[in-house]
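These protein sequence lines are chains A and B, in that order.
Start counting the first sequence at 293; every next residue gets the next number (the numbering used here).
Start counting the second sequence at 293; every next residue gets the next number (the numbering used here).
C-beta atoms are modelled at their ideal positions from N, C-alpha and C, and glycine is treated no differently.
Worksheet for the structure shown next.
Number of protein chains: 2
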Amino acid sequence: RGRIQIFQYQVLKWLMALLVGSFVGLVGFFNNIAVENIAGYKLLLTSNLMRQNRNLEAFLLYMACNAVLAGSAAAVCAYLAPAAAGSGIPEVKAYLNGVDAHSILAPSTLFVKIIGSILGVSAGFMLGKEGPMVHTGACIAAMLGQGGSRRYGLTWNWIRYFKNDLDRRDLITCGAAAGVTAAFRAPVGGVLFALEEATTWWRSALLWRTFSTTAVSAIVLRSLIEYCRSGNCGLFGKGGLIMFDVSSRVTTYTATDIAAVILLGILGGLLGALFNHFVDRILRRYGVINEKGAPYKILMTVFISLVTSCCSFGLSSLSPCVPCPPELAPGKCPTIGRNGNYKKFWCPAGHYNALASLFFNTNDDAIRNLFSGGTDSEFGVYTLLTFFIGVYTLGLITYGVAVPSGLFIPVILSGASFGRLVGKVFGSGLDTGLFAIVGAASFLGGTMRMTVSVCVILLELTNDLLLLPLIMLVLLVSKTVADCFNKGVYEQIVRMKGLPFLEVHADACMRSLVASDVLSGPVITFSSVERVGSVVNTLRRTGHNGFPVIEEEPFAPAPELCGLVLRSHLIVLLNGRTFTRAPVKTGAAEVFRKLNPFDFAKVGSSGKAMEVDELRLTEEEMDMYVDLHPITNRSPYTVVENMSLAKAAVLFRDLGLRHMCVVPRTPGRPPVLGILTRHDFMPEYIRGLFENVLRE
Amino acid sequence: RGRIQIFQYQVLKWLMALLVGSFVGLVGFFNNIAVENIAGYKLLLTSNLMRQNRNLEAFLLYMACNAVLAGSAAAVCAYLAPAAAGSGIPEVKAYLNGVDAHSILAPSTLFVKIIGSILGVSAGFMLGKEGPMVHTGACIAAMLGQGGSRRYGLTWNWIRYFKNDLDRRDLITCGAAAGVTAAFRAPVGGVLFALEEATTWWRSALLWRTFSTTAVSAIVLRSLIEYCRSGNCGLFGKGGLIMFDVSSRVTTYTATDIAAVILLGILGGLLGALFNHFVDRILRRYGVINEKGAPYKILMTVFISLVTSCCSFGLSSLSPCVPCPPELAPGKCPTIGRNGNYKKFWCPAGHYNALASLFFNTNDDAIRNLFSGGTDSEFGVYTLLTFFIGVYTLGLITYGVAVPSGLFIPVILSGASFGRLVGKVFGSGLDTGLFAIVGAASFLGGTMRMTVSVCVILLELTNDLLLLPLIMLVLLVSKTVADCFNKGVYEQIVRMKGLPFLEVHADACMRSLVASDVLSGPVITFSSVERVGSVVNTLRRTGHNGFPVIEEEPFAPAPELCGLVLRSHLIVLLNGRTFTRAPVKTGAAEVFRKLNPFDFAKVGSSGKAMEVDELRLTEEEMDMYVDLHPITNRSPYTVVENMSLAKAAVLFRDLGLRHMCVVPRTPGRPPVLGILTRHDFMPEYIRGLFENVLRE
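This is the structure we're talking about:
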């Protein structure tokens with residue numbers, strides 16, 4: 293590459309990162325404003341009916357609104373892009389591990405993810421918009437990285453530099469980090485999330501670029517919110533993005549507090565592991581229903597919505613009205629509609645309904661109310677207990693319905709209520725709002741097993757660095773406890789979906805095997821100058837993506853490994869029709885006179901590569917020869933046949949390979965014995981091959 | 293390994309991490325308390341003399357104190373552990389890249405680093421204790437990881453699990469992170485520093501362990517400081533660890549402020565790059581003097597100390613006395629001795645000396661004064677300009693003297709004064725203390741090129757997350773500007789010291805070469821069952837650390853590569869004396885009846901492996917045979933001779949190899965052509981080999 297091309301590439305790389313940052317920031321803002329307005333309007337209507345004492349009507353209206361919103365979310369999702377259901381974090385994680393699963397990052401997924409998430413959150417489901425936001429960020433990055441969707445003719449010439457796995461993956465990492473930033477307004481937390489949870493390969497250079505992306509996201513978001521503060525955004529009030537200012541509440545803590553925090557860590561770990569266990573069970577159960585088709589998905593979503601509405605409205609109505617604490621300013625208690633802590637619900641003047649302050653609200657506001665300081669007496673033990681059980685159960689049954697649904701919010705809500713509960717019972721000197729934060733941390737540690745990123749996100753949310761030791765301690769305890777039982781929830785989902793995810797540690801079964809043990813069937817190779825017909829037939833016959841190329845007579849005295857060709861490159865080369873009548877080397881110059889190097893670039897997640905059947909070759913052409921040298925990768929990574937499979941797996945994963953050639957150890961045999969791909973390293977596959985041996 | 297051993301290993305791993313955390317926290321505290329007391333006592337004595345108007349005596353006393361402290365620091369360093377001089381961060385960085393440089397992490401280095409750093413900082417040098425603290429943390433981790441120093445008989449049986457590169461490196465990463473935490477009280481910043489600057493190989497599991505280590509460090513430090521607040525620690529007052537509370541100063545900023553911040557970023561980048569350029573020049577110049585021997589080192593250190601004293605005292609005395617601002621409380625201005633912002637120096641009552649408030653102080657307090665808010669009028673433009681020039685120059689000439697010296701403090705000080713200066717000149721609506729923070733960030737970005745970690749450290753220092761966008765912006769700008777000129781200061785020093793550091797990107801010269809191009813000389817191999825005498829002679833003759841083992845007749849029909857043996861393993865095996873009269877396979881059982889697998893473990897940085905000359909073998913034994921199979925690594929990573937050197941370099945670096953076998957492509961040649969080691973991938977070496985070719 294020349295100087296100008298390097299410059300173009302650098303400019304593009306940075307421009308892309310910044311564009312991704314601003315787009316994700318914009319979308320995050322749009323999400324929030326939409327949710328705040330839709331949900332706010334819904335709550336306003338219901339509250340107005342209640343103020344006129346038309347309580348039953350209010351309940352029915354509330355239920356109907358939720359059901360309609362839920363139904364439309366499910367419909368959009370089921371008919372347009374089924375891949376948009378769920379959190380999306382496991383899929384992004386798998387993509388960054390090298391799994392090219394179908395349509396994970398397609399533009400239709402992006403669209404449905406945004407719309408579905410807004411409708412789903414507005415429907416009052418016990419789910420969050422944080423996970424979907426991460427997926428949205430990744431989708432935006434993927435779309436920008438391929439220069440818009442080619443289908444709609446939106447491409448740009450410079451973008452060709454991005455048509456490769458590495459740059460695409462980097463950009464999507466940035467997008468995922470920006471998603472977290474847009475969801476939590478936590479730029480440093482976003483970077484750490486990408487590092488800790490999302491990526492498989494991390495490069496130092498990426499830290500810097502990811503950081504810039506999240507910075508842009510945070511700044512865009514911040515300025516837009518600043519603009520909305522002046523009341524230009526409808527019902528968008530103080531709310532939307534969680535941002536708690538609990539500064540200057542903590543100063544010192546005693547041994548009892550530490551004990552309470554450790555206890556909270558242990559319980560959070562246990563309940564988090566239990567949550568993961570049930571999520572797994574319930575997802576499998578739901579999977580059966582969802583497979584029956586789109587109408588079933590919609591019906592189930594509406595059903596869960598009705599249950600949720602009954603729970604939140606019903607439990608609130610069963611809860612007694614409490615007189616307002618007298619020390620509060622008159623406007624503060626009770627409050628109606630959006631914002632505010634002490635909800636009136638249908639209580640008489642001067643009274644508030646504690647459970648409604650949590651349930652009859654958007655989830656973000658419920659979290660804010662739980663985290664708020666100086667409200668020790670607002671929520672009683674029974675209120676908190678009811679809320680905790682409700683949220684924990686609703687969170688479990690909601691995840692898995694066919695709408696974009698994040699796990700952060702249900703986990704934070706149940707953690708926060710549980711933490712406040714523990715704080716109340718212990719009667720420690722610390723503020724119970726603080727216990728709510730620590731409780732949220734313990735549940736997050738218990739389910740997601742992220743530590744540093746959760747800690748930093750919570751710090752950025754609460755803006756209080758003095759909390760750090762407590763949050764760290766509780767995360768340490770809860771993660772350790774939960775790790776004794778099962779894996780993190782995202783890893784579990786990745787595994788349940790059957791995505792071929794390469795784990796960090798090679799499975800134990802690989803240690804006693806060597807590379808040649810898992811090779812299956814005879815290897816399909818090409819000669820370095822091959823007959824066109826044989827290439828075409830081989831490509832039609834097999835679905836393999838990589839083929840070893842063998843240098844044979846007359847180009848070499850004995851057969852030797854020349855390199856590796858990719859299926860997609862072969863098709864492009866054949867389409868170029870640089871054929872010869874006799875088997876001779878044509879050389880690269882001849883090929884690249886007809887084809888541009890960028891014609892060989894990998895197509896994006898929504899693009900479609902040419903298929904072998906689309907080649908229209910005449911009989912005569914099929915009998916001619918094609919020189920594969922120009923498109924052969926001359927330096928494929930190889931392992932000797934008796935290399936330990938575990939060490940081969942390390943090589944495969946750490947270098948992010950897709951194909952690895954196995955070469956013989958002794959002379960006098962074919963120069964390549966086979967090709968190892970990702971599937972050959974899946975423990976399930978290996979265990980299947982050696983079922984009898986390994987059982988012994 | 294059995295279940296019990298895995299359990300032991302896990303427990304040990306965590307215990308070690310937590311122990312490292314607490315020890316580093318303790319040492320950090322001890323460092324601070326010592327510096328605060330020594331420097332505080334020195335300043336107190338001088339101030340007392342000045343209060344009696346004996347100004348010349350005060351000056352001489354000040355100068356003498358500094359010179360004595362500096363001289364002893366240099367003496368300790370020059371005579372006991374020359375490796376302790378300088379920052380230590382480049383050395384730690386190189387170690388974690390796989391460079392086993394001599395005595396970098398030895399116990400003597402640790403001791404000198406602590407003592408030397410305390411003396412050096414107390415001597416009023418323009419240097420910090422932060423870099424040395426990182427090195428100290430790494431040394432502590434290294435010492436604990438090898439179970440104390442074997443020389444002093446302090447070992448523990450479980451420690452054997454740690455006698456390998458991977459676990460040792462992980463622990464040292466934790467130590468370095470804890471060092472940053474202890475220096476700045478920034479646990480998250482510590483983790484990010486380790487990730488961004490220190491390590492070459494990063495694993496997700498490490499994030500979690502590093503985080504726990506830094507958490508423990510932070511908690512230990514915090515509780516000890518809490519204890520000292522009650523006045524039990526001599527002159528240790530509010531001070532010691534920088535921790536600024538500038539909360540609630542920023543709310544919004546205008547376009548002018550943003551422009552000022554961008555300007556500050558550009559200037560910071562330029563001045564930072566200039567700083568790096570001069571550091572490199574000056575270090576080379578000093579290197580010549582330092583090579584002349586210990587007395588020269590001490591003399592030069594004392595000389596620089598005298599210059600520093602003259603500067604700080606002299607410039608302060610030339611600065612005029614300013615009347616105290618009337619709105620201050622009476623006790624606040626002027627102040628004498630430690631702490632406080634408005635230093636009296638030798639001014640009349642009701643007046644203060646602005647330059648002395650910065651110069652005549654510990655560096656930590658100077659930073660605190662610069663960062664403090666609501667003091668816009670305290671420092672005039674000329675004061676700041678003088679201080680900036682003084683600090684910038686002193687910082688340059690001080691780094692490189694033979695005492696442990698960190699670069700953070702001089703860079704932060706010059707950045708902060710420069711930032712305040714820009715803030716003053718611009719006359720923006722923001723507090724100038726805030727500009728000082730932004731300025732410090734811009735200089736840190738310009739010299740060290742760390743971004744995320746600097747940002748997080750500054751956030752943790754200032755406890756104000758609202759500053760985030762400004763700091764991010766300034767770091768982005770300053771790093772980008774500075775990257776146009778040269779590399780980060782630590783990378784520069786690594787390169788200058790000639791440490792064989794593997795860069796992330798393979799050098800351009802490697803792209804046109806293949807693996808066999810850089811092989812030098814015939815490869816030295818062993819038979820799989822080799823004559824003892826030939827092994828001993830080969831080991832005596834060469835200094836190589838890895839040898840390919842060839843399976844030959846009668847064990848294989850044709851010669852083939854069996855694996856790789858390490859020098860240290862060969863010596864241990866020979867020392868076990870499992871010899872046979874005829875060349876037969878003895879098998880692993882026979883060998884491990886005499887030797888424990890842990891005998892083959894790698895010795896630590898201070899330990900000493902057995903040398904080949906220490907083997908006392910009889911003539912008869914020399915004629916016997918030894919079976920190398922049990923100690924041969926049967927799965928060495930190999931590359932084919934025509935593999936691109938750049939791709940081989942990626943494999944070598946990403947997998948953290950020390951030896952890589954080059955195998956032939958065609959049959960009928962020796963089964964291994966040579967071994968590639970770290971030195972074969974150094975661009976300087978390759979350029980030397982192909983000087984003529986590459987120049988064309």
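Sixteen is the threshold: since fewer than 16 other Cβ atoms of the shown chains lie within 10 Å of the Cβ of Ile298 of chain A, the residue is exposed.
In this structure, DSSP gives Arg832 of chain A a helical state, which the three-state scheme calls helix. One alpha carbon belongs to Leu688 of chain B, the other to Pro956 of chain A, and they sit about 58 Å apart. Proximity of the segment 558-572 of chain B to the segment 732-746 of chain B meets the contact definition, three or more beta-carbon pairs being nearer than 8 Å.
Secondary structure at Pro615 of chain A: strand, using DSSP grouped into helix, strand and coil. A straight line joining the alpha-carbon of Thr506 of chain A with that of Ala377 of chain A spans about 25 Å. Scanning the segment 810-869 of chain A for uninterrupted alpha helix (DSSP H) segments of 4 residues or longer gives 824-833 and 859-868, listed from N- to C-terminal end.
The Cβ neighbour count for His797 of chain A, taken over all protein chains shown within 10 Å, is under 16; the residue is labelled exposed. One finds Ala850 and Glu852 in chain A with Cβ atoms closer than 7 Å to the Cβ of Thr958 of chain B, taken in chain order. In this structure, DSSP gives Val796 of chain A a state outside helix and strand, which the three-state scheme calls coil. In this structure the segment 361-378 of chain A touches the segment 590-599 of chain A; the number of beta carbon pairs closer than 8 Å is three or more.
Collapsing the DSSP output to three states places Phe718 of chain B in a helix.
Ser745 of chain B and Ile967 of chain B have their C-alpha atoms some 38 Å from each other. Residue contact with chain B for Thr678 of chain A: absent (no Cβ-Cβ distance below 9 Å to any residue of chain B). Collapsing the DSSP output to three states places Phe680 of chain B in a helix. For Arg495 of chain B, the closest Cβ of chain A is nearer than 9 Å. Using beta-carbon distances, Arg660 of chain A does not count as an interface residue toward chain B, since no partner is under 9 Å.
In this model, Asn645 of chain B and Leu352 of chain B are separated by some 19 Å (Cα to Cα).
Legend: CB atoms of the segment 767-790 of chain A lying less than 8 Å from CB atoms of chain B belong to residues Leu768 and Lys771.
In this structure, B:Lys789 is the residue among B:Val942, B:Tyr519 and B:Lys789 with its C-alpha nearest to the C-alpha of Arg576 of chain B. Excluding residues up to 5 positions away in sequence, Val512 lie with their Cβ nearer than 7 Å to the Cβ of Leu318 of chain B in the same chain. Taken in chain order, the members of the segment 503-515 of chain B whose beta-carbon sits within less than 8 Å of a beta-carbon on chain A are Phe503, Ser504, Ala507, Ala510, Ile511 and Arg514. For Tyr588 of chain A, no beta strand (DSSP E) segment is defined; the enclosing uninterrupted segment is the alpha helix (DSSP H) at Ala586 to Ser601. Spanning the alpha carbons of Lys877 of chain B and Tyr917 of chain B requires a straight line of approximately 9 Å. For the pair of segments examined, the segment 489-509 of chain A was found not to touch the segment 337-345 of chain A: the number of CB pairs separated by less than 8 Å stays below three. In the DSSP assignment, His643 of chain B falls within the beta strand (DSSP E) that extends over His643 to Asn645. Nearest Cα to Ser314 of chain B within the set B:Val508, B:Met935, B:Gly813 and B:Glu933: B:Val508. Per DSSP, Gly437 of chain B lies in no beta strand (DSSP E); the unbroken alpha helix (DSSP H) holding it starts and ends at Glu422 to Gly437.
Listed in chain order, the positions of the segment 791-804 of chain A with a beta carbon within less than 8 Å of a beta carbon of chain B are Val796.
The distance from the Cβ of Ser819 of chain B to that of Glu844 of chain B is about 5 Å, consistent with a contact at the 8 Å cut-off. When secondary structure is reduced to three states using DSSP, Lys635 of chain B falls in the strand class.
Against chain A, the CB of Thr743 of chain B has a partner CB under 9 Å away; the residue lies at that interface. Judged by DSSP secondary structure, Leu335 of chain B falls within the alpha helix (DSSP H) whose first and last residues are Arg295 to Arg343. Interface criterion met: the Cβ of Ser927 of chain A is under 9 Å from a Cβ in chain B. When DSSP states are grouped into helix, strand and coil, Leu397 of chain B belongs to the coil group.
For Ser936 of chain A, the beta-bridge partners assigned by DSSP are A:Val806.
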